[in-house]
Amino acid sequence: MAVLRSLASFRLMTGRQLQQLHITSDQPATSARRGRAVLKRLTELGAVVRLERQIGGEHGGSESLIYTLSGLGQSVLALDADSDVHVPRGRMIWDTKPAFQNHLLAIADLYVELHALDAQGQLELLQFETEPAAWRWFAGPAGGRQAVKPDAFVALGVGDFEQQAFVEIDRGTESRPTIARKCRRYVDYWQSGQEQQRSGVFPKVWWLTSKPRWAARIADVIASLPAAHQPLFGVGLAAQGAELLRRLDDAGGQP
53 MAVLRSLASF RLMTGRQLQQ LHITSDQPAT SARRGRAVLK RLTELGAVVR LERQIGGEHG
113 GSESLIYTLS GLGQSVLALD ADSDVHVPRG RMIWDTKPAF QNHLLAIADL YVELHALDAQ
173 GQLELLQFET EPAAWRWFAG PAGGRQAVKP DAFVALGVGD FEQQAFVEID RGTESRPTIA
233 RKCRRYVDYW QSGQEQQRSG VFPKVWWLTS KPRWAARIAD VIASLPAAHQ PLFGVGLAAQ
293 GAELLRRLDD AGGQP
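According to the working numbering, the sequence shown is numbered sequentially starting from 53.
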């Protein structure tokens, strides 16, 4: 059931990600074997679907296989009184393009990394919301209903402090005008004061991407914003995302 809940939250996950979250053992080989057995059983029951493509190609091994909920798995979760996750409906995820699938896997990677740091006692993972739970609706400057739609909302306990962040995962697909438009929407949300009333601070907006040149492009867009708005945002490599989110010197997003 824990595996099904994770797949409901992130829509797609690799065998490696699910193993790291839900299979514990002092021996890596034992964890891998148990993980394969659990996913094989869920696949045979029809609760999950294994996608044809693998991360890393045919030589990536069983841990690189990608899984998602089946219709049966969705129905099982919908009947689970203990499940508080949003159960996706509609178009099945295996019909989507690889670029979108990779985007979802990158979000799951960040969660897995934060979960590992929590298990090591380096931080406390207080909250990790994916879309649509992470989205925020508010009255825009002209009075119309607007939304910011981050890929995730994260709250971390670091020592005596709580870190909050909105996370945007960019895989080089967003144009400069699109990035600028999204940044302006976050500025509008900050100026509305709605999030501050909700939690007392405005979360920092972290743009995380996988290549330095993409990070540089986003940084250029942020640098073009008014000086008062730039502290709302941070940019970095996704591989360093968990470390960036927990840094106390980057706390808040409150300029």
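Virtual Cβ for every residue (Gly too), placed ideally from N, Cα, C. The structure presented is a predicted model; accordingly, all values stated were derived computationally and were not measured.
Which first and last residues belong to the alpha helix (DSSP H) in which F152 is found?
Taken as a continuous stretch (DSSP letters only), the alpha helix (DSSP H) holding F152 covers 150-171.
Just how far apart, CA to CA, sit A280 and L289?
24 angstroms
Is A204 near T182, with beta carbons less than 8 angstroms apart?
yes
Which residues in the same chain as L64 place their Cβ atom closer than 8 angstroms to its Cβ, once the five residues preceding and following it in sequence are excluded?
L103, I118, Y119, T120, I145, Q153, L156, L157, A160
Segment limits, beta strand (DSSP E) that includes F180
176-182
Classify T225 as helix, strand or coil using the three-state DSSP reduction.
coil
If we count the other Cβ atoms within 10 Å of its Cβ and call it buried at 16 or more, is G142 buried or exposed?
Model confidence at G142 stands at a pLDDT of 49, short of 50, so the residue's coordinates are unreliable and nothing is read from them.
Close beta carbons around D222, own chain, < 8 angstroms, minus the five adjacent residues each side
I231, W259, L260, T261, W266, I270
C-alpha distance - A186 paired with P264, whole-angstrom precision:
Distance between the alpha carbons of A186 and P264: 26 angstroms.
Out of curiosity, what's the CA-to-CA distance linking G123 and G173?
37 angstroms
Is it true that the CB of T66 sits closer than 8 angstroms to the CB of S116?
yes
Please state the DSSP three-state secondary structure of V287.
Note: V287 maps to strand in three-state DSSP.
Does any heavy atom of the ligand PLP sit closer than 7 angstroms to the C-beta of A81?
Ligands are entirely absent from the displayed structure, and the ligand PLP is therefore not among its contents.
Grab me the residues of Y241's own chain with a C-beta within less than 7 angstroms of its C-beta, minus the 5 sequence neighbours each way, in chain order.
Only residues of its own chain outside the window of five on either side were considered, and among them R188, F190, V200, E247 have a CB closer than 7 angstroms to the CB of Y241, listed in chain order.
Just verifying my parser: in three-state terms, what is the DSSP assignment at Q79?
coil
Could you give the distance in angstroms between the alpha-carbon of V253 and the alpha-carbon of L178?
In this structure, the CA atom of V253 is about 16 angstroms from the CA atom of L178.
Measuring CA to CA, which of V164, D78, I274 is closest to Q292?
When only C-alpha atoms are compared, the closest one is V164.
Would DSSP call A185 helix, strand or coil?
Correct three-state label for A185: coil.
Roughly how many angstroms separate the alpha carbons of F218 and L297, rounded to a whole number?
10 angstroms
Who are G209's beta bridge partners in DSSP?
E176, E214
Grab me the residues of E214's own chain with a C-beta within less than 8 angstroms of its C-beta, minus the 5 sequence neighbours each way, in chain order.
Within the same chain, E214 has close Cβ partners L178, A207, L208.
G243 to V257 span [Cα, whole Å]
Strictly speaking, residue 243 in this sequence is Gln, with Gly absent from that position. Straight-line Cα distance between these residues: approximately 14 angstroms.
Nearest-angstrom Cα distance between G125 and L94?
Here the alpha carbons of L94 and G125 stand approximately 9 angstroms from one another.
Excluding the five sequence neighbours on either side, which residues of its own chain have a C-beta within less than 6 angstroms of the C-beta of Q72, listed in chain order?
V164
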